[in-house]
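Enquirer: First the structure, which I've put down as structure tokens, then a few questions once you've had a look.
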Amino acid sequence: MDKADIGLIGLGVMGQNLALNMERNGFRVSGYDLEGEKVKAFGMKHPGRNLIASESLNDFLSGLERPRRIMMMVPAGEAVDAVIASIQDTLEPGDLLIDGGNSFFMDTERRLKELEAKGINYIGTGVSGGEYGALWGPSIMPGGQPEAWDMVRPIFEAISAKVQGEPCVAYMGPRGAGHYVKMVHNGIEYGDMQLIAESYDLLHRGQGLSNTELHEVYAEWNRGELESYLIEITADIFTKNDPETGRAVIDLILDEAQQKGTGKWTSQNSLDLGAPTPTINAAVESRIISAYKDERVAVSKILTGPEPKLKADSRMVIGWVRDALYAAKICSYAQGFALMRLASMEYGYDLNHGEIARIWRGGCIIRAGFLNEIREAFMRTPDLHNLMMDPEFSQLLNTRQTALREVVTLAAEGGIPAPAFFSALAYFDAYRSARLPANLTQAQRDYFGAHTYRRIDREGVFHYQWKENAIED
3 MDKADIGLIG LGVMGQNLAL NMERNGFRVS GYDLEGEKVK AFGMKHPGRN
53 LIASESLNDF LSGLERPRRI MMMVPAGEAV DAVIASIQDT LEPGDLLIDG
103 GNSFFMDTER RLKELEAKGI NYIGTGVSGG EYGALWGPSI MPGGQPEAWD
153 MVRPIFEAIS AKVQGEPCVA YMGPRGAGHY VKMVHNGIEY GDMQLIAESY
203 DLLHRGQGLS NTELHEVYAE WNRGELESYL IEITADIFTK NDPETGRAVI
253 DLILDEAQQK GTGKWTSQNS LDLGAPTPTI NAAVESRIIS AYKDERVAVS
303 KILTGPEPKL KADSRMVIGW VRDALYAAKI CSYAQGFALM RLASMEYGYD
353 LNHGEIARIW RGGCIIRAGF LNEIREAFMR TPDLHNLMMD PEFSQLLNTR
403 QTALREVVTL AAEGGIPAPA FFSALAYFDA YRSARLPANL TQAQRDYFGA
453 HTYRRIDREG VFHYQWKENA IED
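This note's numbering numbers the first residue of the sequence shown as 3 and each following residue consecutively.
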């Protein structure tokens with residue numbers, strides 16, 4: 003029997019769909035899973051396909067072409083380390099191991115270093131697009147040794163999503179670069195989803211739009227500059243009714259948003275690097291506070307606030323929210339790309355931001371026409387520090403900031419929480435401010451802790467004796 007071009011360990015939905023995608027694109031694929039039932043189901047569900055269901059690890063490893071290419075599709079964390087421990091002594095120098103899960107990038111750095119010492123190639127790759135993307139074309143973000151990328155490039159380019167004939171995959175950089183980019187992708191995704199949720203709250207609870215009206219609004223937005231996968235599915239969500247009750251599914255879902263950790267990692271890393279990501283942080287915090295459902299219900303009977311009714315014409319509000327959403331998205335993406343710029347320097351990843359925007363245009367959850375403009379911005383200025391400095395994006399923000407201010411004002415007046423919109427506006431105003439009140443903060447630090455300060459009129463570091471016998475930390 004011919005040996006397989008690539009092997010997949012982990013035959014959950016994502017693993018199986020990736021295997022089918024690879025097979026459909028001309029590759030012979032072997033699949034293995036610790037759960038024997040999954041292996042049997044994999045073999046029985048797809049008879050006549052160029053697939054091998056390997057019932058033992060030895061059969062799986064011996065059935066691969068050398069040098070072997072093995073992709074793990076298992077949960078991040080201990081499961082990845084367990085798979086590596088079970089096969090690393092059987093692998094040979096020159097073999098390639100790929101982690102296709104949402105692993106923390108520092109775990110990928112550690113694993114690559116350990117395996118590289120044994121001559122084994124390693125790739126940590128982000129795979130975005132969910133179950134459908136895995137089957138029909140995801141966005142793929144691989145990082146690792148350049149020679150490891152060469153080994154898997156034909157397969158990844160074949161199975162990835164295509165936009166204007168270009169595969170939505172590119173080599174991100176060394177070591178953990180691929181998983182780092184996927185982490186930030188997910189952080190931006192959190193921001194996008196929270197901004198859309200807040201726009202829904204403003205229009206539904208604040209303006210009283212029905213689900214039918216909301217569907218029409220978001221469907222119209224998806225035909226314009228806000229065109230994206232997330233806006234598309236949002237419009238679709240408002241059309242679905244529960245077959246048992248006949249009620250809209252959206253109205254039956256508990257207002258508690260869960261998370262798997264990648265957004266939180268983005269926020270944590272941004273603090274480590276000193277990169278402001280307030281809109282992404284607001285999205286993470288919004289998911290956290292949503293989990294306090296019982297407390298929120300109890301406190302809603304104690305704390306008072308204005309009625310959540312927006313005091314403006316519906317058509318005007320819809321226009322403001324649309325333009326505010328676009329402006330806030332620019333601010334949020336600017337934060338994500340600025341974070342990647344700092345990370346690229348800190349970790350030596352040499353990230354190509356134009357390429358990242360290019361491969362995010364298709365397959366992934368944040369895919370949007372908007373990413374074409376981001377790609378063009380980095381083509382104009384490859385070392386662009388912040389998207390808001392680009393002439394095209396600065397003009398867009400200058401013309402839409404009024405709508406963002408109107409929406410933030412309406413939300414505050416109506417007592418409707420909109421932390422992502424608020425944070426986007428604050429980020430915009432802070433970044434464009436030639437002067438911030440941080441001079442007072444630094445004066446306080448020097449007052450109570452002799453932490454010193456710099457002056458605007460001369461070079462050097464200074465300390466002022468604010469008070470005799472001042473307390474010092």
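Even glycine gets a Cβ: it sits at the ideal position worked out from N, Cα and C.
1. If you check the beta carbons only, do L53 and F44 fall under 9 Å apart?
2. Among residues of its own chain, excluding the 5 on either side of G14, which ones have a beta-carbon nearer than 7 Å to its beta-carbon?
3. In chain order, what residues of the same chain lie with their CB nearer than 8 Å to the CB of L398, ignoring the 5 residues before and after it?
4. Are V183 and M342 closer than 9 Å when you measure CB to CB?
5. Identify which residue in G265, A179, A414, K115 has its Cα closest to the Cα of D352.
6. With which residues is R71 paired in a DSSP beta bridge?
7. List the endpoints of the continuous beta strand (DSSP E) containing V31.
8. Among all the DSSP beta bridges, which residues are the ones paired with N188?
9. Measure the Cβ-Cβ separation of A422 and L197 and say whether it is below 9 Å.
10. Counting contacts by CB-CB distance shorter than 9 Å, is A199 in contact with chain C?
11. For S269, tell me which candidate among P77, A55, I190, S56 has the shortest Cα-Cα distance.
12. From what residue to what residue does the beta strand (DSSP E) around M391 run?
13. Considering M143, what are the terminal residues of the beta strand (DSSP E) in which it resides?
14. Out of G208, A452, G175, G263, state which residue places its alpha-carbon closest to the alpha-carbon of Y349.
15. Using DSSP bridges, identify the partner residues of L66.
16. Check whether the Cβ atoms of I358 and A172 sit closer than 9 Å, and answer yes or no.
17. P69 and D91 look like a contact to me (Cβ under 8 Å); what is the Cβ gap, rounded to whole Å?
18. Where does the unbroken alpha helix (DSSP H) through L232 begin, and where does it stop?
19. Considering just the uninterrupted stretch of the beta strand (DSSP E) at T383, what are its terminal residues?
20. Please report the residue range of the beta strand (DSSP E) in which N481 lies.
21. Under a three-way DSSP split, which group does G193 fall into?
22. Could you have a look at G356 and say whether DSSP puts it in helix, strand or coil?
23. Give me the residue from F106, L93, V323, Y124 with the minimum Cα distance to Q209.
24. Just to confirm, are D109 and V82 a CB contact at a threshold of 9 Å?
25. Check for me: the alpha helix (DSSP H) holding S302 runs from which residue to which?
26. Evaluate F430 with the Cβ neighbour count: other Cβ atoms within 10 Å of its Cβ, from every protein chain shown; 16 or more gives buried, anything less gives exposed.
27. Is it buried or exposed, F464, if we count other Cβ atoms within 10 angstroms and call 16 or more buried?
28. Reducing DSSP to helix, strand and coil, say where A370 ends up.
29. What residue ranges within the region 34-63 form continuous alpha helix (DSSP H) runs of no fewer than 4 residues, ordered along the chain?
30. Taking the DSSP output, what are the residues bridged to P245?
31. Assuming A136 and L20 form a contact by the criterion Cβ under 8 Å, report the distance between their Cβ atoms to the nearest whole angstrom.
32. Within 10 angstroms of its Cβ, does P393 collect 16 or more other Cβ (buried), or is it exposed?
33. With distances taken Cα to Cα, identify the nearest neighbour of R26 among S32, L10, R51, D152.
34. Just tell me which of G338, Y449, K42 has its CA closest to the CA of D194.
35. Can you name the start and end residues of the beta strand (DSSP E) that T454 belongs to?
36. For G371, which residues from the same chain have a beta carbon less than 6 Å from its beta carbon, with the 5 sequence-adjacent residues on both sides left out?
Expert: So, to answer that:
1. In the sequence shown, residue 53 corresponds to position 51, counting from 1. In the sequence shown, residue 44 corresponds to position 42, counting from 1. Against a cut-off of 9 Å, the Cβ pair of F44 and L53 comes out as a contact.
2. Reading the sequence shown from its first residue, position 12 is the one you call residue 14. The residues are M75.
3. For the purposes of this step, residue 398 is taken as residue 396 along the sequence shown, with counting starting at 1. Excluding positions up to five away in sequence, the list reads Y328, A329, I332.
4. If you number the sequence shown from 1, residue 183 lands on position 181. If you number the sequence shown from 1, residue 342 lands on position 340. Cβ atoms of V183 and M342: closer than 9 Å.
5. Here residue 352 corresponds to residue number 350 of the sequence shown, with the count starting at 1. Closest option to D352, Cα to Cα, is A179.
6. Here residue 71 corresponds to residue number 69 of the sequence shown, with the count starting at 1. According to DSSP, which records beta bridges pairwise, R71 is partnered with L98.
7. Position 29 of the sequence shown, counting from 1, holds the residue named residue 31. Per DSSP, V31 belongs to the beta strand (DSSP E) from 31-34.
8. On the sequence shown, position 186 is the one that residue 188 refers to. Answer by DSSP bridge pairing: none, since N188 is not bridged.
9. Here residue 422 corresponds to residue number 420 of the sequence shown, with the count starting at 1. Here residue 197 corresponds to residue number 195 of the sequence shown, with the count starting at 1. In contact: A422 and L197 (Cβ atoms closer than 9 Å).
10. Annotation note: the requested chain C is absent from the structure, which comprises a single protein chain.
11. By one-based count along the sequence shown, residue 269 stands at place 267. The option with the nearest alpha carbon to S269 is I190.
12. Within the sequence shown, numbered from 1, the residue matching residue 391 stands at position 389. From DSSP, M391 is part of no beta strand (DSSP E); its letter is neither H nor E.
13. Counting from one through the sequence shown, the residue named residue 143 turns up at place 141. Its beta strand (DSSP E) spans residues 141-146.
14. Indexing the sequence shown from 1 puts residue 349 at position 347. Nearest option by C-alpha distance: G175.
15. Taking the first residue of the sequence shown as 1, we reach residue 66 at position 64. L66 is bridged to A6.
16. For this step, residue 358 is matched to residue 356 along the sequence shown. For this step, residue 172 is matched to residue 170 along the sequence shown. Yes.
17. Working through the sequence shown from its first residue, we reach residue 69 at position 67. Working through the sequence shown from its first residue, we reach residue 91 at position 89. P69 to D91, Cβ: 16 Å. No contact.
18. For the purposes of this step, residue 232 is taken as the residue at position 230 of the sequence shown. From DSSP, the alpha helix (DSSP H) with L232 extends over 231-239.
19. The residue labelled residue 383 in the question sits at position 381 within the sequence shown. First-last for T383: undefined, no H or E at that position.
20. Outside the displayed range of the chain (3 to 475) lies residue 481, so it cannot be described from this structure.
21. To locate residue 193, count along the sequence shown from 1; it is residue 191. Looking at G193 - three-state DSSP - the assignment turns out to be helix.
22. Reading the sequence shown from its first residue, position 354 is the one you call residue 356. Three-state DSSP puts G356 in a helix.
23. Sequence index remark: in the sequence shown, residue 209 carries index 207 (1-based). Among F106, L93, V323, Y124, the Cα nearest to that of Q209 belongs to V323.
24. By 1-based counting over the sequence shown, the position of residue 109 is 107. By 1-based counting over the sequence shown, the position of residue 82 is 80. Yes, the pair counts as a contact, with Cβ atoms nearer than the cut-off.
25. Taking the first residue of the sequence shown as position 1, residue 302 is located at position 300. S302 -> no alpha helix (DSSP H), and no H or E assigned at all.
26. Taking the first residue of the sequence shown as 1, we reach residue 430 at position 428. So F430 ends up on the buried side.
27. Reading the sequence shown from its first residue, position 462 is the one you call residue 464. With fewer than 16 other Cβ atoms within 10 Å, it is exposed.
28. Locating residue 370 in the sequence shown gives position 368, where the first residue counts as 1. Of the three classes helix, strand and coil, the one that applies to A370 here is strand, per DSSP.
29. 38-47
30. Position 243 of the sequence shown, counting from 1, holds the residue named residue 245. Note: P245 sits in no beta bridge, so no partner.
31. Along the sequence shown, one-based indexing puts residue 136 at 134. Along the sequence shown, one-based indexing puts residue 20 at 18. The Cβ separation is near 5 Å, so the contact holds.
32. The residue labelled residue 393 in the question sits at position 391 within the sequence shown. Exposed is the call here.
33. By one-based count along the sequence shown, residue 26 stands at place 24. Minimum Cα distance to R26 is reached at R51.
34. In the sequence shown, counting from the first residue as 1, residue 194 sits at position 192. D194 has its Cα closest to that of G338, out of G338, Y449, K42.
35. Sequence index remark: in the sequence shown, residue 454 carries index 452 (1-based). T454 -> no beta strand (DSSP E), and no H or E assigned at all.
36. Position 369 of the sequence shown, counting from 1, holds the residue named residue 371. Closer than 6 Å at the Cβ level, and outside the excluded window around G371, lie E229.
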